[in-house]
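Sequential numbering from 82 applies to the sequence shown in the working numbering.
The C-beta atom is built at its ideal place from N, Cα and C for all residues, glycine as well.
Since we're looking at a predicted model, the values are computed, not measured.
Report on the following structure.
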Amino acid sequence: LSGNHLCRNPRVLKEAGSLARAGLEVEVLGAWTDPGMRAEDVELLADAPFRFTPVVDSAGAGGAARVRWLLARLLARGMRSARRTFGLESRWQLGPMVGALGRAARARRVDLAIAHSEPALAVAAELQRSGRRVGIDLEDWFSEDLLPEARRSRPGRLIAGLERQLLRHGAHASCTSNAMSAALAEAYDCVAPAAIYNAFPWSERASLDGRLSDRASRHRPSIHWYSQTLGEG
Numbered sequence: 082l083s084g085n086h087l088c089r090n091p092r093v094l095k096e097a098g099s100l101a102r103a104g105l106e107v108e109v110l111g112a113w114t115d116p117g118m119r120a121e122d123v124e125l126l127a128d129a130p131f132r133f134t135p136v137v138d139s140a141g142a143g144g145a146a147r148v149r150w151l152l153a154r155l156l157a158r159g160m161r162s163a164r165r166t167f168g169l170e171s172r173w174q175l176g177p178m179v180g181a182l183g184r185a186a187r188a189r190r191v192d193l194a195i196a197h198s199e200p201a202l203a204v205a206a207e208l209q210r211s212g213r214r215v216g217i218d219l220e221d222w223f224s225e226d227l228l229p230e231a232r233r234s235r236p237g238r239l240i241a242g243l244e245r246q247l248l249r250h251g252a253h254a255s256c257t258s259n260a261m262s263a264a265l266a267e268a269y270d271c272v273a274p275a276a277i278y279n280a281f282p283w284s285e286r287a288s289l290d291g292r293l294s295d296r297a298s299r300h301r302p303s304i305h306w307y308s309q310t311l312g313e314g
């Protein structure tokens, strides 16, 4: 359960591919809201061993689908305003695709549904209450994310409650580091989630041939980007 573009959710791409290659039948419930990223997704899916279903396709669908997406965005925006003004919390504050993601998930009978995003937390919790088998992969500690001023329109209590429910009662729980796993276990009094780092297998280094054959120009610098921010925010 993602509700996002595949090209902007590499952890889902890795997990779905790994599970499919291990012999499971895997479907990713995502979304297409940007034409450029939709094209990237199509390219990524050309040889993917799993199925990808966009629960929202405002980038390539007809006018009716775009109108439904616009209405969902307006509802989400209005509910965020209600959070700032009145302190009211709602699952619609988790994102405009939460409704479509929930409808798609409820229509499927699967052995395990794994939540990968804030909207997916609400959907997985709903599935669990109806007796479905669900899990959670905390790509980020969603309820603790962002600076205080950025949290004013976010339903922090709701998100923390969903995290607690899925971590304590879900059939599967994983996160991105041992440090995060220990902190989650202490905060929610739950079994420590499995730590699965956002990395590639060390064995892939064996394919390096030392010939720089993937370099378009040897005059350009080669940079390894660790994708982390040091500082406020």
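**Study point:** Reference cysteine 271; option with closest CA among Leu193, Arg214, Met261
**Key:** Among Leu193, Arg214, Met261, the Cα nearest to that of cysteine 271 belongs to Met261.
Check your understanding: Count the other CB atoms within 10 Å of the CB of proline 229; is the residue buried (16 or more) or exposed (fewer)?
Key -> exposed
Review point. Taking the alpha carbon of tryptophan 113 as the point to measure from, which residue in Leu248, Ala97, Leu182, Leu155 has its own alpha carbon closest?
Key: Leu182
Exercise for review: Tell me whether the beta-carbon of alanine 273 lies closer than 9 Å to the beta-carbon of threonine 257.
Suggested key: no
Exercise for review: Using three-state DSSP, classify valine 44 as helix, strand or coil.
Suggested key: An answer regarding residue 44 cannot be provided, because it is not within the stretch 82 to 314 covered by the chain.
**Study point:** Own chain, CB closer than 6 Å to arginine 132, minus 5 neighbours either side, in chain order
**Key:** Around arginine 132, the same chain offers Glu108 as residues with beta carbons nearer than 6 Å, after the five sequence neighbours per side are excluded.
Point to revise | the segment 118-125 touching the segment 97-108, judged by at least three CB pairs closer than 8 Å | key: no
**Study point:** Contact set for leucine 248: own chain, Cβ-Cβ below 6 Å, skip 5 residues either direction
**Key:** Ala254, Tyr269, Cys271, listed in sequence order.
Check your understanding: Shortest alpha-carbon distance to leucine 94 belongs to which of Asn279, Ile240, Arg184?
Key -> Selected option, being the one with the closest Cα: Asn279.
Check your understanding: Residue ranges of each alpha helix (DSSP H) run of no fewer than 4 residues wholly in the segment 174-210, ordered along the chain?
Key -> The DSSP assignment places complete alpha helix (DSSP H) segments of no fewer than 4 residues inside the segment 174-210 at 179-187, 199-210, in order along the chain.
Review point. Tell me the DSSP bridge mates of valine 215?
Key: Assignment of beta-bridge partners to valine 215 by DSSP yields Ala194.
Review point. Three or more beta-carbon pairs under 8 Å between the segment 142-159 and the segment 182-201, yes or no?
Key: no
Practice item. Determine the burial state of leucine 87: buried for a count of at least 16 other Cβ atoms within 10 Å of its Cβ, exposed for fewer. Key: buried
Review point. Over what stretch of residues does the beta strand (DSSP E) that includes arginine 238 continue unbroken?
Key: Element bounds for arginine 238: not the beta strand (DSSP E) but the alpha helix (DSSP H), 237-250.
Check your understanding: For the candidate residues Ala241, Asp290, Leu202, whose alpha-carbon lies nearest to that of serine 83?
Key -> Out of Ala241, Asp290, Leu202, Leu202 has the C-alpha closest to the C-alpha of serine 83.
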